[in-house]
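Chemist: Mind having a look at this structure? Questions to follow.
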Amino acid sequence: MMRDSTVNFSVLHRTCKLVVLLCFFHISVTLIFYVRSLDIRFAFAQNQHAHTAKHDQTTSKDTVPEAFETNHFSVDNMTTITKDIGKCPDTSPLLVGPLRIEFSNPVSLDVVRKENPNLKNGGRFKPKDCVALQKVAIIIPFRNRDEHLKFWLYYLHPILQRQQLDYGVYVINQDGDEVFNRAKLLNVGYSEALKEYDYGCFVFSDVDLIPMDDRNTYKCFSQPRHLSVSMDKFSFR
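Numbering of the sequence shown is given in our numbering, commencing with residue 94 and proceeding in unit increments.
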């Protein structure tokens, strides 16, 4: 009888120890999950805070593109307006007809610049209120004719602008004292002009030829054309 009691007590003791171990294990697992849940909550809170800050930053950044888009639309509108102005008429309404050409009073390049404020660097011009019908390169072979060149620029720039041309002037200078090679200078001017712009028309002019009527248009036709059929030094014959 005593032995049975001892056995039962031993079994009960082991059972109690097992229960205690299971409880301890359960409590340990619970504590581990609880601590991990705290870490997750803390990380989640940090992520939420970071996400909110990022969202605010994105919203703040999105404000700039709205302004940019407004400007973008304005640029598109301006581009559309530029496209809608249409081509220049075949005969410019700005032409005045016969001109008074005088060489008695010298002119300077400063005067040329002052009286032609719309000229770009390199003697370039294009009309603002319409799209020019032709892109014209005017090529001048040159050597030691400074005064003639000043008069040419003084008179021709206003004429060419009234003719509503998209044009550029190329003065091709020959250095040295060798025989003046006009043809070679014209070829050089042609090649150099095409490097700068997609010209479709080329006018080869002497530096001392100035039209007396701005209706003598510096543009190209279906066939080559002589622009100076009569000159004053030949009594216009």
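Quick reminder that beta carbons are idealized off the backbone N, C-alpha and C, glycines included.
Every value quoted in this text rests on a predicted model; they were computed, and no experiment measured them.
Helix, strand or coil for Tyr260? Go by DSSP, reduced to three states.
Modeler: Taking the first residue of the sequence shown as position 1, residue 260 is located at position 167. Note: Tyr260 maps to strand in three-state DSSP.
Chemist: How many Å lie between Tyr283 and Asp301 at the Cα?
Modeler: The count along the sequence shown starts at 1 and reaches residue 283 at position 190. The count along the sequence shown starts at 1 and reaches residue 301 at position 208. Each residue's alpha carbon lies about 20 Å from the other.
Chemist: Only counting runs of 3 or more residues, tell me where the beta strand (DSSP E) segments fall wholly within the region 177 to 261, in order along the chain.
Modeler: 228 to 235
Chemist: Quick one: grab the DSSP three-state call for Asn266.
Modeler: For the purposes of this step, residue 266 is taken as the residue at position 173 of the sequence shown. Strand.
Chemist: Determine the closest residue to Tyr247 out of Ser321, Pro191, Arg206, with distance taken between C-alpha atoms.
Modeler: Counted from its first residue, the sequence shown places residue 247 at position 154. Comparing Cα-Cα distances from Tyr247 to each of Ser321, Pro191, Arg206, the minimum goes to Arg206.
Chemist: Is the region 243 to 259 in contact with the region 273 to 283, if contact means three or more CB pairs nearer than 8 Å?
Modeler: no
Chemist: Is it true that the CB of Leu192 sits closer than 8 Å to the CB of Met324?
Modeler: Looking up residue 324 in the sequence shown gives position 231. Looking up residue 192 in the sequence shown gives position 99. No; because the gap between Cβ atoms is not below 8 Å, this pair is not in contact.
Chemist: Work out the CA separation of Thr310 and Tyr263 for me, nearest whole Å.
Modeler: Stepping through the sequence shown from its first residue, residue 263 is reached at position 170. Stepping through the sequence shown from its first residue, residue 310 is reached at position 217. Looking at the two C-alpha atoms, the distance is approximately 18 Å.
Chemist: Counting C-beta neighbours from all protein chains within 10 Å, is the total for Ser201 16 or more, i.e. buried, or is it exposed?
Modeler: Position 108 of the sequence shown, counted from the first residue, corresponds to residue 201. By the neighbour-count rule (16 or more Cβ atoms within 10 Å), Ser201 is not buried but exposed.
Chemist: With a cut-off of 8 Å on the beta carbons, I'd call Arg238 and Asp307 a contact; round off their distance for me.
Modeler: As a working note, residue 238 is residue 145 in the sequence shown. As a working note, residue 307 is residue 214 in the sequence shown. Not confirmed; about 23 Å, so no contact.
Chemist: Have a look at Lys277, Lys228, Glu285, Lys110 and flag the residue whose alpha-carbon is nearest the alpha-carbon of Phe314.
Modeler: Start at 1 with the first residue of the sequence shown, and residue 314 comes out as number 221. Of the listed residues, the one whose Cα sits closest to Phe314 is Lys228.
Chemist: Can Pro251 and Asn211 be called in contact, C-beta distance under 8 Å?
Modeler: On the sequence shown, position 158 is the one that residue 251 refers to. On the sequence shown, position 118 is the one that residue 211 refers to. No, these two residues do not count as a Cβ contact at 8 Å.
Chemist: Tell me where the alpha helix (DSSP H) around Val296 begins and ends.
Modeler: In the sequence shown, counting from the first residue as 1, residue 296 sits at position 203. Counting along the chain, Val296 falls outside any alpha helix (DSSP H), though it belongs to the beta strand (DSSP E) covering 294 to 297.
Chemist: Any heavy atom of the ligand GTP inside 7 Å of the beta-carbon of Tyr290?
Modeler: Because no ligand of any kind appears in the structure shown, any question about the ligand GTP cannot be addressed here.
Chemist: Go through its chain and collect everything with a Cβ distance to Lys243's Cβ below 8 Å, but skip five positions before and after it.
Modeler: Residue 243 sits at position 150 when you count from the first residue of the sequence shown. Same-chain partners within the cutoff: Pro199, Val200, Ser201, Leu202, Val205.
Chemist: Could you compute how far the alpha carbon of Pro234 sits from the alpha carbon of Pro186?
Modeler: Here residue 234 corresponds to residue number 141 of the sequence shown, with the count starting at 1. Here residue 186 corresponds to residue number 93 of the sequence shown, with the count starting at 1. Each residue's alpha carbon lies about 31 Å from the other.
Chemist: If I follow the unbroken alpha helix (DSSP H) through Ser321, where does it start and stop?
Modeler: As a first step, residue 321 is located in the sequence shown; it is residue number 228 there, counting from the start. Ser321 -> no alpha helix (DSSP H), and no H or E assigned at all.
Chemist: Please list, in chain order, all residues of the same chain as Gly216 whose beta carbon is under 7 Å from its beta carbon, the five residues on each side excluded.
Modeler: Your numbering for residue 216 matches position 123 in the sequence shown. Counting only Cβ-Cβ distances below 7 Å, and skipping sequence neighbours, we find Gly261, Val262.
Chemist: Grab me the residues of Lys219's own chain with a C-beta within less than 7 Å of its C-beta, minus the 5 sequence neighbours each way, in chain order.
Modeler: In the sequence shown, counting from the first residue as 1, residue 219 sits at position 126. Cβ neighbours of Lys219 beyond the five flanking positions: Ala225, Asp259.
Chemist: Pick from Trp245, Ile232, Asp291: whose alpha carbon is nearest that of Arg275?
Modeler: The count along the sequence shown starts at 1 and reaches residue 275 at position 182. Among Trp245, Ile232, Asp291, the Cα nearest to that of Arg275 is on Ile232.
Chemist: Is it buried or exposed for Ser121, if we count other Cβ within 10 angstroms and need 16 for buried?
Modeler: Against the sequence shown, residue 121 aligns to sequence position 28. Ser121 should be labelled exposed.
Chemist: Compare the beta carbon distance of Phe273 and Arg236 with 8 Å and say whether it is the shorter of the two.
Modeler: Position 180 of the sequence shown, counted from the first residue, corresponds to residue 273. Position 143 of the sequence shown, counted from the first residue, corresponds to residue 236. In contact: Phe273 and Arg236 (Cβ atoms closer than 8 Å).
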